Structure formats: C-alpha cells, structure tokens
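*Asks:* Residues in the sequence shown are numbered consecutively from 23, following my numbering.
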Amino acid sequence: MEHYLQYRVWYKMNGHFNNKIIYGPTIKTPSDALSFFKKLHGIQPSHAELV
C-alpha cells in the first residue's frame with residue numbers, strides 16, 4: 023500500500039467551517055488539494071493544511 027500526503031481541507035458551509043481529509047496520488051501540494059476538492063465537491067475551500 024502506498025502512502026500519500028494527506029491534507030485537511032477547510033471549507034465554509036451553512037455559516038460554519040468544516041473540514042475533510044483528502045489524499046491521492048495526484049495531490050502533492052496544498053494547491054492541488056484545493057483544486058481537487060473544488061472539482062470533487064463543487065465547493066470553494068478556504069485553505070488546506072498537511073496532516
């Protein structure tokens with residue numbers, strides 16, 4: 023099993039900040055995590071941090 027960098031992506035929904043952890047072979051930077059999250063969920067995230 024390969025180990026991928028995991029990023030916690032923060033987004034705002036219904037007036038509250040929430041977060042999800044995403045990872046994958048193409049996600050290597052916080053910017054990659056933000057664009058992948060937006061494409062997947064259709065929500066503009068606020069920021070991402072390495073877990």
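Ideal placement from N, C-alpha and C gives every residue a C-beta, glycine not left out.
What you are looking at is a predicted structure, and each value in this text was computed from that prediction instead of being measured.
Cα-Cα, which of L56, E71, P52 is closest to G64?
*Replies:* Nearest option by C-alpha distance: L56.
*Asks:* Sort S68, K61, I43 by Cα distance to L27 and report the nearest one.
*Replies:* Of S68, K61, I43, the residue nearest in Cα terms is I43.
*Asks:* Leaving out the 5 sequence neighbours to the left and right, which residues in its chain are closer than 8 Å to Q66 when beta-carbon positions are compared?
*Replies:* Taken in chain order, the residues that qualify are Y33, K60.
*Asks:* F58: buried (16+ other C-beta within 10 angstroms of its C-beta) or exposed?
*Replies:* F58 should be labelled buried.
*Asks:* Tell me the rounded alpha-carbon separation between D54 and A70.
*Replies:* Their backbone Cα atoms lie some 9 Å apart in a straight line.
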